[in-house]
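Each remark here refers to the structure printed beneath this line.
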Amino acid sequence: MTDTTPPRAAADTPFSPDAEGLAPGAIIPAAGVITLNAGRPTIEIEVANTGDRPVQVGSHYHFYETNTGLTFDRPAAYGMRLDIPAGSAVRFEPGQTRSVRLVAYQGDRVVHGFDGKVSGALGAAAPKGGEG
1 MTDTTPPRAA ADTPFSPDAE GLAPGAIIPA AGVITLNAGR PTIEIEVANT GDRPVQVGSH
61 YHFYETNTGL TFDRPAAYGM RLDIPAGSAV RFEPGQTRSV RLVAYQGDRV VHGFDGKVSG
121 ALGAAAPKGG EG
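In terms of full-length UniProt numbering, the sequence shown opens at residue 1 and continues consecutively.
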């Protein structure tokens, strides 16, 4: 049996560059330094991994709801996430203590998933007994 399907043309391939050599959806940042989260409320806290395994926290994870092996001022972290570029993460090795900067969630301030401690709109303060 002979395959009669015509070969795909280069222009039909997904994400083929346009006439200027850019893929659809390409992001071209402005020249110079780009300051992330400028003007947003931030705090800096000390975090210790008291567990026996590494813990990695992603850029948009509600820090208040992180692994309970991480010891820090949880009520202060309510409504906040790591102040790092989207898609990146911070790793806490067992026994390690490090300082991190957190930034407040913006927009509608609604969080779902994570550890299930909030699952909805963020209130003005952490829920009672929120030491996690």
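All C-beta atoms in this analysis are idealised placements derived from N, C-alpha and C, irrespective of residue type, glycine included.
Using 8 Å for Cβ pairs, my map puts proline 75 next to alanine 126. What's the rounded Cβ distance?
So it is a contact: roughly 4 Å between Cβ atoms.
Tell me, to the nearest whole angstrom, how far the beta carbon of glutamate 65 is from that of valine 118; I am working on the premise that it is less than 8 Å.
Yes, glutamate 65 and valine 118 are in contact; Cβ-Cβ is about 7 Å, under 8 Å.
Helix, strand or coil for glutamate 44 per DSSP?
Here glutamate 44 sits in strand by DSSP.
Rounded to whole angstroms, what's the CA-CA distance from glycine 51 to alanine 23? Just pull it up for me.
Spanning the two alpha carbons is a distance of roughly 44 Å.
Provide the residue(s) that pair with valine 57 in DSSP beta bridges, ordered along the chain.
According to DSSP, valine 57 bridges with Val90.
List the residues that DSSP assigns as beta-bridge partners of glycine 120.
Glycine 120 is bridged to Val111.
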